[in-house]
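**Q** Take this structure first; my questions come after.
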């Protein structure tokens with residue numbers, strides 16, 4: 002009589018290997034994660050994104066050229082990143098329209114050069130009211146003809162084109178094939194001493210297309226003029242919406258945690274087995290009639306009507322022979338004669354039931370087998386009389 | 345370690361402080377409180393390891409009967425043991441109840457009674473005992489499983505023993521004890537005695553009458569011969585435990601019916617003064633009862649048969665004649681308990697029958713399926729007619745094999761599972777009456 006449930010110490014010792022293995026695996030995973038340096042963001046046009054729709058290539062080349070590139074995700078961080086407003090370019094890309102008018106106003110006052118990448122309607126209204134979106138440019142390369150893009154004759158198409166009604170606006174990157182050539186992918190306006198560039202040709206900056214046409218030269222010229230570049234991607238930190246924590250009651254989170262704890266306790270309560278399972282070898286269960294059933298289904302699926310009725314006939318004739326007092330060696334003719342003598346009727350009919358008729362359909366088969374059963378019953382009745 | 349539903353309830357009760365105080369600190373405090381209570385509770389629980397176990401139960405029972413297993417638990421620890429015990433019997437031991445609550449003070453002993461109603465013959469085992477010991481608050485428990493093996497041998501039911509009294513009465517009619525002594529009702533010459541009224545005149549021995557002393561007081565006497573049934577014959581029962589014996593007919597495996605038939609036949613034959621040897625065989629000898637007589641024979645037979653289950657291998661008929669020869673070299677009644685379903689499957693049996701029938705009287709006993717006969721009568725619809733045809737075909741196959749066996753000089757007994765044991769016994773009595781043993 003021994004106890005087979007391990008004590009806590011034995012259990013620990015027994016599972017030491019697995020505990021060690023899991024800890025080792027976690028360490029290896031953490032180490033690998035640290036070595037890789039985490040996951041690069043997949044935000045389009047982010048200077049940290051190395052995928053084809055990121056702009057890491059441009060940012061890195063600007064850094065090599067001596068431009069101090071800073072990436073920020075909130076207006077506060079952007080304000081702090083700007084040291085000398087006159088020597089700073091701010092690049093802003095806000096696809097989710099997070100910033101409100103006041104924040105945009107603040108942003109415009111931060112530096113003397115502001116590049117808006119693919120701005121939405123609200124941003125245009127606030128910072129460059131004279132510029133309107135003109136849809137997508139044509140697929141042909143855009144013609145660069147302005148001081149901002151001086152060394153680059155052509156730039157990749159893509160993004161958005163703009164029209165402007167403002168008199169002092171400087172337009173660049175003409176989209177040619179739209180009939181009237183009045184749509185531009187780069188427009189510059191002045192707003193209270195700040196040069197605001199509205200850039201629609203986003204494709205030119207991406208890692209995937211920066212080497213096409215004269216994109217690289219264009220991007221470097223536009224963004225690399227000032228010694229400091231602040232690349233501002235507004236995030237949830239700028240959003241003015243109330244925090245979810247402010248609208249939930251204080252007890253909700255602890256109540257959910259308590260629910261989880263209760264569930265865990267219930268799992269322990271119902272999941273703990275009351276001793277190990279007790280094994281037992283069970284015998285196989287084979288029904289003896291399975292061969293018979295299988296054969297019946299075979300007959301039916303292959304419509305073996307003649308074979309089926311023959312089996313019934315042979316069995317019936319054997320039983321009829323016994324009923325009429327004939328031996329098992331009696332011939333069919335003798336049995337038929339004896340049956341006719343016993344129950345009367347026409348010999349031809351009885352011979353047809355017992356021997357000659359071939360059932361052509363399943364209905365005929367059922368009819369014939371019923372007549373065989375009837376014949377058997379009537380012979381039994383006559384023998385009893 | 346185990347927790348009770350009360351523990352879960354206690355954890356859930358933490359909703360009150362959480363609602364009242366409405367912050368995470370209340371939750372943490374409550375959880376710490378619950379944990380503290382649990383630790384205190386478990387530290388006052390009796391140790392489920394410090395016990396002495398013992399189990400008392402009968403060694404063997406018949407299938408269908410119930411036995412009581414008494415598990416005694418002695419608390420050798422330092423604290424009262426209160427909680428639940430599970431006696432770990434195999435499922436087919438039919439244990440009820442499987443769990444019992446206990447409260448054993450220090451140094452005392454308590455009995456846990458479990459009623460066992462096995463629904464399968466063979467050896468039913470109990471492997472271990474699990475004790476879950478709760479603390480005084482009933483929140484948390486310590487649990488330990490102890491090995492405590494016991495075996496209950498479940499014997500074949502021998503339900504056909506209800507046929508035994510009537511068959512024994514018919515056997516006694518054969519005996520010299522009854523007045524009606526007709527020649528041919530047994531072939532062994534018993535004695536010569538004087539004629540009394542009522543004796544069959546055909547049994548008068550005229551030579552003995554002539555030899556009788558005419559000068560005696562009663563004058564010359566008519567002398568009659570008396571006969572008694574033959575005794576001291578051998579009956580060898582060979583039970584097929586191969587794959588075909590696993591098949592169930594009317595929810596009873598063929599081998600169980602064969603055991604029932606063998607037990608009834610052995611009970612009858614040993615009362616009639618014959619010697620019975622039983623062999624259970626497939627490709628090797630699975631069980632063998634030899635040289636036993638009287639009540640010992642039956643108890644040894646059921647004990648041997650209790651644990652034998654059919655094996656899914658083909659019966660080796662070729663070694664059966666040699667097997668019978670190891671039992672006896674003289675003429676014997678050899679009863680083969682097997683199945684005669686299909687000509688193909690019975691080929692092995694048919695090939696060795698001539699060797700057996702040359703020296704022995706052979707009876708082949710086989711279970712017939714009542715469901716097949718019922719299927720031949722059902723002609724209701726298309727499916728039923730095809731079933732009837734298949735059933736007729738099965739019956740024809742059996743009839744062909746039976747005819748072949750009879751042609752080889754052996755005898756065939758078939759019957760439904762309930763009818764086969766008395767049918768085999770009747771055939772034995774008929775053979776005895778005819779003096780063919």
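Residue numbers (my numbering), protein chains in the order written: chain A, 2 to 386; chain B, 345 to 781.
Using N, Cα and C, we set each Cβ at its ideal position, and we do this for glycine too.
#1: Can you confirm whether residue 530 (chain B), when its beta carbon is compared against all beta carbons of chain A, has any partner nearer than 8 angstroms?
#2: If you draw a straight line from the C-alpha of residue 269 (chain A) to the C-alpha of residue 43 (chain A), how long is it?
#3: Leaving out five residues before and five after residue 741 (chain B) in sequence, what residues of the same chain have Cβ atoms less than 7 angstroms from its Cβ?
#4: Buried or exposed: where does residue 382 (chain A) fall if 16 or more other Cβ atoms within 10 Å of its Cβ makes it buried?
#5: Any C-beta of chain B sitting closer than 8 angstroms to the C-beta of residue 276 (chain A)?
#6: Using CA coordinates, which residue listed in B:612, B:579, B:437 and B:486 is at the minimum distance from residue 512 (chain B)?
#7: Taking buried to mean at least 16 other C-beta atoms within 10 Å of its own C-beta, is residue 170 (chain A) buried or exposed?
#8: Please list the residues of the stretch 352-375 of chain A that have a C-beta atom closer than 7 angstroms to any C-beta atom in chain B, keeping them in chain order.
#9: Spatial neighbours of residue 382 (chain B) within its chain, please: CB distance less than 8 angstroms, with the 5 preceding and 5 following residues excluded, ordered by chain position.
#10: If you compare alpha carbons, which of A:249, A:184 and A:126 is closest to residue 140 (chain A)?
#11: Three Cβ pairs or more, each shorter than 8 angstroms: is that satisfied between the stretch 498-512 of chain B and the stretch 643-653 of chain B?
#12: Step through the CB atoms of chain A and report whether any lies within less than 8 angstroms of the CB of residue 474 (chain B).
#13: Which same chain residues end up closer than 6 angstroms to residue 708 (chain B) when comparing Cβ atoms and leaving out the 5 residues on each side of it in sequence?
#14: Reducing DSSP to helix, strand and coil, say where residue 71 (chain A) ends up.
#15: Using only CA atoms, which one of A:99, A:334, A:158 and A:125 lies nearest to residue 319 (chain A)?
#16: My output table needs one value for residue 652 (chain B): the three-state DSSP class, helix, strand or coil.
#17: Can you give me the Cβ contacts of residue 112 (chain A) inside the same chain, cut-off strictly under 6 angstroms, excluding the 5 residues immediately before and after it?
#18: Please state whether DSSP places residue 93 (chain A) in a helix, a strand or coil.
#19: Output the boundary residues of the alpha helix (DSSP H) element that contains residue 730 (chain B).
#20: Among A:75, A:94, A:22 and A:332, whose alpha-carbon lies nearest the alpha-carbon of residue 203 (chain A)?
#21: Tell me, please, whether the CB atom of residue 435 (chain B) is closer than 8 angstroms to any CB atom in chain A?
#22: So, is the C-beta of residue 233 (chain A) closer than 8 angstroms to a C-beta in chain B?
#23: Mapping the DSSP letters down to three states, classify residue 425 (chain B) as helix, strand or coil.
#24: Would residue 55 (chain A) pass as a contact of residue 119 (chain A) if the rule is Cβ separation under 8 angstroms?
#25: Assuming residue 712 (chain B) and residue 758 (chain B) make a contact with CB atoms under 8 angstroms, what is their CB distance in whole Å?
#26: Per DSSP, what kind of secondary structure is residue 487 (chain B) in: helix, strand or coil?
#27: Just the Cα atoms here: how many angstroms apart are residue 128 (chain A) and residue 116 (chain A)?
#28: Roughly how many angstroms separate the alpha carbons of residue 353 (chain B) and residue 263 (chain A), rounded to a whole number?
#29: Can you tell me whether DSSP reads residue 557 (chain B) as helix, strand or coil?
#30: Look at residue 764 (chain B) and residue 588 (chain B) and say whether their C-beta atoms are less than 8 angstroms apart.
#31: If you measure from the beta carbon of residue 383 (chain A) to each beta carbon in chain B, is any gap under 8 angstroms?
#32: Can you give me the start and stop residues for the alpha helix (DSSP H) that residue 350 (chain A) sits inside?
#33: For residue 597 (chain B), which residues does DSSP report across the bridge?
#34: Using a Cβ-Cβ distance cut-off of 8 angstroms, determine whether residue 539 (chain B) contacts chain A.
#35: Could you tell me how far apart the beta carbons of residue 622 (chain B) and residue 606 (chain B) are, in whole angstroms, since I believe they sit closer than 8 angstroms?
#36: Scan the stretch 447-471 of chain B and note each continuous beta strand (DSSP E) run of 3 residues or more that stays entirely inside, going in chain order.
**A** Inspection of the coordinates gives the following:
#1: Bear in mind that a pLDDT of 49 at residue 530 (chain B), under 50, signals an unreliable position, so the number given afterwards is only what the model happens to contain. It does not: the Cβ of residue 530 (chain B) has no partner Cβ on chain A nearer than 8 angstroms.
#2: Distance between the alpha carbons of residue 269 (chain A) and residue 43 (chain A) is about 42 angstroms.
#3: Spatial neighbours of residue 741 (chain B) in its own chain (CB-CB distance under 7 angstroms, excluding positions within 5 residues in sequence) are listed in chain order as 685, 686 and 687.
#4: Label assigned to residue 382 (chain A): exposed.
#5: At a cut-off of 8 angstroms between C-beta atoms, residue 276 (chain A) counts as an interface residue with respect to chain B.
#6: Of the residues B:612, B:579, B:437 and B:486, the one whose Cα lies closest to the Cα of residue 512 (chain B) is B:612.
#7: Under this definition residue 170 (chain A) is a buried residue.
#8: Going along the stretch 352-375 of chain A in chain order, one finds 363, 366, 367, 370, 371 and 374 with a Cβ nearer than 7 angstroms to chain B.
#9: If we look at residue 382 (chain B) and ignore the five residues flanking it on each side, its Cβ neighbours are 347, 351, 483 and 484.
#10: Out of A:249, A:184 and A:126, the CA that lies nearest to the CA of residue 140 (chain A) is found in A:184.
#11: The stretch 498-512 of chain B, when compared against the stretch 643-653 of chain B, does touch it at the 8 angstroms Cβ threshold.
#12: Chain A contact via Cβ: present.
#13: Here the set comprises 680, 749, 754 and 756.
#14: Strand at residue 71 (chain A).
#15: When only C-alpha atoms are compared, the closest one is A:334.
#16: DSSP places residue 652 (chain B) in coil when its eight states are reduced to three.
#17: The answer, listed in chain order, is 83, 86, 89 and 91.
#18: Residue 93 (chain A): strand per DSSP, three-state reduction.
#19: Looking at the DSSP string, the run of the alpha helix (DSSP H) that includes residue 730 (chain B) is 726-751.
#20: Among A:75, A:94, A:22 and A:332, the Cα nearest to that of residue 203 (chain A) belongs to A:94.
#21: Put simply, the CB of residue 435 (chain B) is near chain A, with a gap under 8 angstroms to one of its CB atoms.
#22: With 8 angstroms as the cut-off, residue 233 (chain A) does not count as an interface residue toward chain B.
#23: Correct three-state label for residue 425 (chain B): strand.
#24: Not closer than 8 angstroms, so no.
#25: Beta-carbon to beta-carbon, residue 712 (chain B) and residue 758 (chain B) are separated by about 4 angstroms, close enough to satisfy the 8 angstroms threshold.
#26: When DSSP states are grouped into helix, strand and coil, residue 487 (chain B) belongs to the strand group.
#27: C-alpha separation (whole angstroms): 11 angstroms.
#28: For residue 353 (chain B) and residue 263 (chain A), the gap between their C-alpha atoms comes out near 8 angstroms.
#29: In the displayed model, residue 557 (chain B) falls within coil according to three-state DSSP, outside both helix and strand.
#30: No.
#31: No, because no Cβ of chain B sits closer than 8 angstroms to the Cβ of residue 383 (chain A).
#32: Run containing residue 350 (chain A): 348-352, per the alpha helix (DSSP H) assignment.
#33: Per DSSP, B:592.
#34: No, residue 539 (chain B) does not count as interfacial toward chain A.
#35: Yes, they are in contact, since the Cβ atoms of residue 622 (chain B) and residue 606 (chain B) sit about 6 angstroms apart, within 8 angstroms.
#36: Runs found: 453-460.
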